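Taking it in order: structure first as C-alpha cells, then the write-up.
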Amino acid sequence: MDRRDNLQVYLKVKTTDLISMNKDDLNRFMNQLTSLCRVYHEPFKIVSLTYSTETTEQQVYWKRMALRYQGKMSQDVSEKNEEHLWSQRYSLAIENLNRILWVEKNLKELAFFIVVYRENETELVKNVKDMKRYGGTQFNLQNMKAKEVEKLIFKLQNMNSEM
C-alpha cells in the first residue's frame, strides 16, 4: 500500500550490459522500452538503485579451491612438474579471490525495478500480467519476494544505509 491507498507490486528488471550489445540488439532493447511505455497505459514507475556487489558465493568457491590446491601442494608430489602445476593453480585461486574481494569493496551494482500500481487486487494482478507480457521477455521481469520488497523500500527511504 502506498500513501494513496493504492496497491503496488515491485518487479525486478534483469540488468543487461548495454555497452557490449551490438547495434541491432541495442536498438531492439530501446524500442522495447519505448513500445512498453506506449502500450502500457496504467501508471508505473521505474526505480534504479546502486548498492554493494554481492560476491559471497564466488568468495566461498575460490577459498575452497585455494585450500584444495594448498593441500595438494603439501602432499608428497612425485614430479616437479606436478608440484609446479599445483603451485600455479593455488596462485591463480588466490589472485581470483583477491580480485573478487576488490570488486565487492570498490564496485557498485546497479539494479532496476518497475513498480505497478492499482486500487484493488484484481486490477493489480491484471496489470502485472500486462506489464510482464509487454516487457517481460526483453527485460526479464521477475516478481520480488516480500522480504526483498521490504529491503528495497527500506533502502529507498534510507538512502545512506546499507541494504
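When you line the sequence shown up against this note's numbering, it's residues 112 to 274, in that order. Just so you know, even glycine gets a beta-carbon here, dropped at the ideal spot from N, CA and C. Just so we're clear, the structure is a prediction, and the values are computed from it rather than from any experiment.
If you look at Lys219, you'll find it isn't in any alpha helix (DSSP H); it sits in the beta strand (DSSP E) that goes Lys219 to Arg229. About 19 Å separates the CB atoms of Phe265 and Val124; that is not less than 8 Å, and the two are not in contact. Between Tyr121 and Phe224, the C-beta gap is smaller than 8 Å, which places the two residues in contact. Annotation: the continuous alpha helix (DSSP H) that includes Leu137 extends over Lys134 to Val150. In the three-state DSSP reduction, Leu178 falls in the helix class (H, G or I). Shown here, Leu252 sits in coil according to DSSP, grouped into three states, outside any helix or strand.
Under DSSP, Lys156 takes part in a beta bridge, and its partners are Val226.
Across the set Gln170, Phe155 and Leu267, the C-alpha of Gln170 shows the shortest separation from the C-alpha of Val214.
In this chain, Lys266 is not harboured by any beta strand (DSSP E); it is covered by the alpha helix (DSSP H) spanning Ala257 to Gln268. Taking the Cα of Asn209 as reference, the smallest distance to any Cα among Lys174, Tyr162, Glu153 and His152 is reached at Lys174. A Cβ-Cβ distance of about 7 Å is found for the pair Asn231 and Leu118, placing them in contact under the 8 Å criterion.
By the neighbour-count definition (other C-beta atoms within 10 Å, threshold 16), Asn238 is a buried residue.
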